[in-house]
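J.: In UniProt numbering, the protein residues as written are 1 to 455.
Note that the Cβ used here is the ideal one computed from N, Cα and C, for glycine as well.
Fair warning: this is a prediction, and the values are worked out from it, not measured in the lab.
Sharing a structure, written as structure tokens. Questions coming.
The following block contains the structure:
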């Protein structure tokens, strides 16, 4: 294409559980713990708001659900737009040339400036139009990503433009990204992550300054949200959806968010040894013994699991509202930091598990966002904060084709004291982009299968 393209491929979500990882791969991964609506007792707190309306008028219910899905898709698109806008503004503010700023992938729907009409000479041969100056802005058909395209400084005449004409680029052009000092390139690469963190902070600040941030209150144990099948170790041990697991091998799980990770680690570290589990069900305490196994189809070394999905034992939510702007700023910074830490922990758990069997893609993200959107605007703001932080965190990993990978190449260049082989660097980026794209496709296929064929 004659361009270096910084783009975004959605998406994977991590389902926080014993062996379930369902959602950003590409540049977006999302961590379920703060995305999914929470259950309070037998009913979902978001369902409680709308159940009566849906029962009265199914048509209205369908309209609301469709509208919520559109809202969630718009939020996802906006978060990606902000990420790419960060790269764009960082480049333009330093006088670095940008060829294209696009929201979405696929065919162009809108373009500015408009594409000039084709021109022909007297013999009927097409005449190459003059090269467009400035940035081409475009809106494309698939609103699940975006990109910023920079001119590339390969050999003169080596590249061809999209119409097949040779494209001449001045190797020594100081306004090319690759010809700028390392600190300026680093700012461009890091700007997308910075923009997403700022967006998440703004969303949280808006919430704590107005309605207040909903903070969970825990009771001892962990809550079983799903038993994967009747043949899992948990099901064979008599564990059911809605149970609260109070202890494991004599260790009483405290009334904290950390109980979830403590239970998961105890199962993984059991290496298949019997696990004594105390269960709270309908006011009674039951005892059970489960034996964890390694899930079929995963790579060697995959973590042991008993085949359930869990969340913290949340009994209610308390609203935490800032009393003044200074308190709001401090609380927002703290909550943004906590969200980033949880997201990073979720991704490192995914990498350690070495399993990609249960990824969830953009349909899953939109579906989760639609559930949140049915609650209220402030819930949607928190959803935007979560998605934005996920996009920031995954792009910070030093993986080629992502922002962190470009920073790693820059660090290597600084350590070597000379420029990297640009063609080799592009080849590595292209390979990893393909891997991320295939993972995203696999996640999307899983979304479709779960969404349309789940019984």
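Counting Cβ pairs closer than 8 angstroms, one from the region 239-253 and one from the region 193-202, do we hit at least three?
T.: They do not touch, by the three-pair rule.
J.: Taking the C-alpha atoms as reference points, what is the distance between residue 337 and residue 386?
T.: Going by the C-alpha atoms only, they are around 12 angstroms apart.
J.: Which of the three DSSP states, helix, strand or coil, is assigned to residue 189?
T.: Here residue 189 sits in helix by DSSP.
J.: According to DSSP, residue 100 sits in a beta bridge with which residue or residues?
T.: In DSSP, residue 100 forms a bridge with 136 and 149.
J.: Please work out which residues of its chain come closer than 6 angstroms, Cβ to Cβ, to residue 408, disregarding the five sequence neighbours upstream and downstream, and give them in chain order.
T.: The answer, listed in chain order, is 398.
J.: Taking the Cβ atom as the reference point for each residue, do residue 76 and residue 144 lie within a distance shorter than 9 angstroms?
T.: Contact: yes.
J.: Assuming residue 389 and residue 212 are in contact, meaning their beta carbons sit under 8 angstroms apart, how far apart are those beta carbons, in whole angstroms?
T.: Rounded, the Cβ-Cβ distance is 20 angstroms, inconsistent with contact.
J.: In angstroms, rounded to a whole number, what distance separates the CA positions of residue 403 and residue 436?
T.: One C-alpha to the other measures close to 13 angstroms.
J.: Would you please state the rounded distance, in angstroms, between the beta carbons of residue 314 and residue 224? I believe it to be under 8 angstroms.
T.: Not quite, the Cβ-Cβ distance comes to about 13 angstroms (not below 8 angstroms), so this is no contact.
J.: Between 116, 419 and 440, which has its C-alpha nearest residue 179's C-alpha?
T.: For residue 179, the nearest C-alpha among the options comes from 419.
J.: Specify, as a first and last residue, the run of the alpha helix (DSSP H) that residue 416 falls within.
T.: That run of the alpha helix (DSSP H) goes 403-416.
J.: By DSSP, does residue 431 sit in helix, in strand, or in coil?
T.: Correct three-state label for residue 431: helix.
J.: Can you say whether residue 278 is buried or exposed, counting buried as having 16 or more other CB atoms within 10 angstroms of its CB?
T.: By the 10 Å Cβ count, residue 278 comes out buried.
J.: How is residue 200 classed by DSSP in three states: helix, strand or coil?
T.: Helix.
J.: Please return the same chain residues whose Cβ sits closer than 6 angstroms to the Cβ of residue 311, not counting the five positions on each side in sequence.
T.: Same-chain partners within the cutoff: 223 and 225.
J.: At a cut-off of 8 angstroms, would you count residue 117 as near the ligand HEM, judging by its Cβ distance to the nearest heavy atom?
T.: Judged by which ligands are present, the structure shown has none, so any question about the ligand HEM falls away.
J.: Hey, out of 291, 220 and 414, whose CA is closest to residue 456's CA?
T.: No answer is possible for residue 456: it lies beyond the span of the chain, which begins at 1 and ends at 455.
J.: What separation, rounded to the nearest whole angstrom, lies between the Cα atoms of residue 427 and residue 415?
T.: Rounded to the nearest angstrom, the two C-alpha atoms are 21 angstroms apart.
J.: Need the endpoints of the beta strand (DSSP E) that residue 122 sits in, please.
T.: Where residue 122 is concerned, there is no enclosing beta strand (DSSP E), given that its DSSP letter is neither H nor E.
J.: State the Cα-Cα distance for the pair residue 484 and residue 317, rounded to the nearest angstrom.
T.: Look at the range of the chain in this structure, 1 to 455, and you will see that residue 484 is not part of it.
J.: Within its chain, find whatever has a CB closer than 6 angstroms to the CB of residue 227; leave out the 5 residues flanking it on each side and keep chain order.
T.: Answer for residue 227: 234, 235, 241 and 308, listed in chain order.
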